[in-house]
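If you count by numbering that gives the first Met the number 0, then the sequence shown holds residues 0 to 187, one letter each, in order.
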Amino acid sequence: MSERERPGRRGFFREVVNRYVVPAAEFVEEKLDRQTRPLRFLRPPGAGSDFLELCSKCHACVEACPANAIFPDRSSDGLTASTPMIRADHQPCVVCDDLACMPACPTGALTLLTRDAIRMGVARVDWDQCERTHNVECTTCVDLCPIGASALTIERDRIVVGDGCVGCGVCEHACPTRPRAIVVEPEG
0 MSERERPGRR GFFREVVNRY VVPAAEFVEE KLDRQTRPLR FLRPPGAGSD FLELCSKCHA
60 CVEACPANAI FPDRSSDGLT ASTPMIRADH QPCVVCDDLA CMPACPTGAL TLLTRDAIRM
120 GVARVDWDQC ERTHNVECTT CVDLCPIGAS ALTIERDRIV VGDGCVGCGV CEHACPTRPR
180 AIVVEPEG
């Protein structure tokens with residue numbers, strides 16, 4: 000075997016590793032990371048610190064939600080089992096015009112609030128994941144935010160989470176990166 004063939008073989012194997020093995024390993028690592036991460040969920044708009052004590056698990060808020068964002072918690076046991084929750088990565092709260100879930104609650108577990116008073120969580124940006132950090136002109140989260148500039152803006156090419164963020168999760172759901180560059184951390 001001549002010296003000329005070796006760089007070709009090395010190049011071939013390097014290409015195979017970079018094209019197939021590295022992406023496969025990253026995919027498996029991401030799947031394993033997801034399995035070990037605790038389930039992250041939000042409570043419906045209007046849920047306060049006494050939500051678990053007041054919620055009767057009647058699911059009136061689940062039925063009232065026009066976006067089908069609220070569903071019963073089937074992942075827990077005990078006190079939290081079957082209580083209403085929102086998984087922003089699956090279907091976010093769209094902060095609908097009539098905020099139907101809050102008045103549907105017969106027990107007062109969901110307090111009637113105005114749109115700007117809702118606090119389900121707060122968005123957090125992972126700059127290593129955000130496409131804007133990598134010079135990609137992405138404005139998806141800002142464009143789709145139902146609250147607007149008081150929640151998300153762009154300043155000096157960075158996404159800025161403002162005091163108006165209600166934690167609805169629309170930004171997280173719409174984020175094109177995987178894992179998502181913007182996620183909503185629950186209140187409390």
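We put the CB at the ideal spot given by N, CA and C, even for glycine.
When you compare only the Cα positions, how much space is there between residue i and residue j?
i, j, result
"Ser55", "Thr82", "8 Å"
"Gly86", "Gly10", "Residue identity check: residue 86 is Arg in the sequence provided, not Gly. Straight-line Cα distance between these residues: approximately 45 Å."
"Leu41", "Ala66", "15 Å"
"Glu4", "Arg18", "In this prediction, Glu4 has a pLDDT of 49, which is less than 50 and means its spatial position is unreliable; what the coordinates show is noted afterwards. Those two C-alpha atoms are separated by around 21 Å."
"Glu136", "Asp142", "12 Å"
"Ser73", "Arg8", "Note on residue identity: the sequence assigns Arg, not Ser, to residue 73. Cα to Cα, the separation comes out at about 53 Å."
"Glu52", "Arg13", "59 Å"
"Ala119", "Pro185", "Here the sequence assigns Met to residue 119, which means Ala is not the residue at that position. Met119 and Pro185: Cα-Cα distance of roughly 6 Å."
"Ala173", "Arg39", "17 Å"
"Arg179", "Glu171", "7 Å"
"Gln34", "Ser75", "Confidence at Gln34 is low in this model, with a pLDDT of 47, below 50, so its placement is unreliable and the value that follows should be read with caution. Rounded to the nearest angstrom, the two C-alpha atoms are 16 Å apart."
"Pro71", "Thr138", "32 Å"
With distances taken Cα to Cα, identify the nearest neighbour of residue i among the options.
i, options, result
"Gly203", "Asp97, Ile181 and Arg73", "Past the edges of the chain, shown from 0 to 187, lies residue 203, and the structure says nothing about it."
"Pro145", "Asp96, Pro105 and Arg8", "Asp96"
"Ala59", "Glu130, Pro105, Asp88 and Arg118", "Pro105"
"Ile69", "Pro43, Thr79, Gly47 and Ser48", "Pro43"
"Asp125", "Arg13, Cys57 and Val183", "Val183"
"Ala116", "Ala148, Asp162 and Pro102", "Asp162"
"Ala80", "Leu112, Arg114, Gln90 and Cys57", "Cys57"
"Leu98", "Met84, Thr113, His89 and Glu171", "Thr113"
"Asn134", "Thr152, Ala148 and Ile158", "Ile158"
"Thr176", "Gly77, Cys140 and Val61", "Cys140"
"Val61", "Val121, Met84, Val94 and Gly147", "Met84"
How about residue i and residue j: are their beta carbons less than 7 Å apart?
i, j, result
"Thr110", "Gly45", "yes"
"Ala63", "Cys92", "no"
"Cys164", "Ala150", "yes"
"Arg131", "Asp156", "yes"
"Phe50", "Ala103", "no"
May I ask you to report which of helix, strand or coil DSSP gives residue i?
i, result
"Glu52", "helix"
"Pro102", "helix"
"Glu130", "helix"
"Thr152", "strand"
"Val165", "coil"
"Val135", "coil"
"Gly120", "strand"
"Arg42", "coil"
"Val183", "strand"
"Leu143", "helix"
"Asp157", "It is worth fixing the name first, because residue 157 is Arg in this sequence and not Asp. In this structure, Arg157 counts as strand in the three-state DSSP scheme."
Requested in this report: List in chain order: all unbroken beta strand (DSSP E) runs of 3+ residues lying wholly within the stretch 60-102.
Outcome: 69-71 and 83-85
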